[in-house]
Amino acid sequence: MRARTVVWSVAMAGYGGRFLVSGGVDERLRMSVDKVVARAADAVADISRGSSLGVGGFGLCGVPGVLIDALLARGTGELRVVSNNCGVDDGGLGLLLRRGLISRMTSSYVGENKEFARQYLSGELEVELVPQGTLAERLRAGGSGIPAFYTPAGVGTAIADGGLAWRHGADGSVAVASPPRERRAFGGREHLLEEAITTDFALVRAAVGDRHGNLRFHASARNFNPLVAMAGRVTVAEVEELVEPGELGPEEIQLPGIFVQRVVPVRAGDPAAGKRVERRTVRARREGTEEHGSHT
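Read left to right, the sequence shown gives residues 855 to 1150 (the working numbering).
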């Protein structure tokens, strides 16, 4: 009975550190689920050549820049990356791409990156383009133990028929093409079979995290981060603020610690932790207006 209680206590540690075992919890048990790794370099040290890697973020929003920088320093190559996009030429995953460390990308958007286009068209990089909603659901399915699902997205396009160039040959020919999707009708409407995505590792960024791996994200920086974390066999989270278990209430936790294996606190002043504006858009200020609004 005692052994069963201890196991259940550890499982509950993923939910805000609120232990519900009668009589409280020994401090040794509380510390046994401490997932904090002080250095980003140590947290990514076992990501080996050829690993599959899920990375959170949307554009440059919510991107785990500190962990990406640590991977860049290690020079780990032949990475097969799953992410909504591949950053920009000088930021996000674009830094790994520029060094030639990524061999394959599964993405939904590949603009804003000239080096990406060059590598893809030259045959250096394999690219699987996936509709954005389908990519999100494939990650969610992978993290939920669902092997595949049907969706109407892509019906009537090259996604369904196959033949999309995943990799070009040196002469510009199609060296590797996408396969046709299995089809099935539901309610008289055609659907395509999509397989779930799981990865060896996942890198995510959160605004707040506790030592048990429970995470809270800031606004739209949440984006693909929870889904990527769910799909990773080993998930590493860099957090802007580290708090103690119990400081995050259950209603605040957007990703429970059961999906996170390592937590890396972002160090103040780390240039890799900075937040960039991907595309600054401005307009001329009209006469009679102030910086924060107009006189009306």
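Where a beta carbon is used, it is the ideal one built from N, C-alpha and C, also for glycine.
Is there contact here, the stretch 1049–1065 with the stretch 901–910, by at least three beta-carbon pairs under 8 Å?
With the cut-off at 8 Å, the stretch 1049–1065 and the stretch 901–910 touch.
Using beta-carbon positions only, say whether E980 and L951 come within less than 7 Å of one another.
Position 126 of the sequence shown, counting from 1, holds the residue named residue 980. Position 97 of the sequence shown, counting from 1, holds the residue named residue 951. Cβ atoms of E980 and L951: not closer than 7 Å.
Determine whether the beta carbon atoms of V1062 and R1070 lie at a separation below 7 Å.
The sequence position of residue 1062 within the sequence shown is 208, counting from 1. The sequence position of residue 1070 within the sequence shown is 216, counting from 1. For V1062 and R1070, yes; Cβs fall inside 7 Å.
Given this structure, state the Cα-to-Cα distance separating T1089 from A1138, to the nearest angstrom.
Numbered from 1 along the sequence shown, position 235 holds the residue referred to as residue 1089. Numbered from 1 along the sequence shown, position 284 holds the residue referred to as residue 1138. About 44 Å.
Compare the beta carbon distance of R1065 and P1099 with 7 Å and say whether it is the shorter of the two.
Here residue 1065 refers to the residue found at position 211 of the sequence shown. Here residue 1099 refers to the residue found at position 245 of the sequence shown. Yes, the pair counts as a contact, with Cβ atoms nearer than the cut-off.
For G946 versus L914, is the C-beta distance shorter than 7 Å?
Working through the sequence shown from its first residue, we reach residue 946 at position 92. Working through the sequence shown from its first residue, we reach residue 914 at position 60. Cβ atoms of G946 and L914: closer than 7 Å.
Between the Cα of S937 and those of T930, S962 and G931, spot the shortest distance and give me the residue it belongs to.
Walking along the sequence shown from the start, residue 937 turns up at place 83. Ranking T930, S962 and G931 by Cα distance to S937 puts S962 first.
Checking 7 Å against the spacing of the C-beta atoms, do R1116 and V935 come in under that value?
Locating residue 1116 in the sequence shown gives position 262, where the first residue counts as 1. Locating residue 935 in the sequence shown gives position 81, where the first residue counts as 1. The answer is no: Cβ separation not under 7 Å.
Threshold first: 4 residues or longer. Then list the alpha helix (DSSP H) segments lying entirely within the stretch 953–1027, N to C.
Within the stretch 953–1027, the complete alpha helix (DSSP H) runs of at least 4 residues are 968–976, 986–998 and 1012–1015.
The beta strand (DSSP E) spanning A1061 covers which residue range?
Along the sequence shown, read from residue 1 onward, the residue named residue 1061 stands at position 207. Looking at the DSSP string, the run of the beta strand (DSSP E) that includes A1061 is T1053 to D1064.
What's the C-alpha gap between D1015 and A1002?
In the sequence shown, the residue the question calls residue 1015 occupies position 161. In the sequence shown, the residue the question calls residue 1002 occupies position 148. Distance between the alpha carbons of D1015 and A1002 is about 18 Å.
Under the assumption that L949 contacts G931 (Cβ atoms under 8 Å), give the Cβ distance between them as a whole number of angstroms.
Locating residue 949 in the sequence shown gives position 95, counting from the first residue. Locating residue 931 in the sequence shown gives position 77, counting from the first residue. Rounded, the Cβ-Cβ distance is 13 Å, inconsistent with contact.
Grab me the residues of A1012's own chain with a C-beta within less than 7 Å of its C-beta, minus the 5 sequence neighbours each way, in chain order.
Mapped onto the sequence shown, residue 1012 falls at position 158. Once the five neighbours on either side are set aside, the close Cβ partners of A1012 are L1018.
Does DSSP put L1069 in a helix, in a strand, or in coil?
Position 215 of the sequence shown, counted from the start, is the residue given in the question as residue 1069. Of the three classes helix, strand and coil, the one that applies to L1069 here is strand, per DSSP.
Compare the beta carbon distance of E1036 and P918 with 7 Å and say whether it is the shorter of the two.
Residue mapping note: residue 1036 aligns to position 182 of the sequence shown, counting from 1. Residue mapping note: residue 918 aligns to position 64 of the sequence shown, counting from 1. Not a contact, by the Cβ cut-off of 7 Å.
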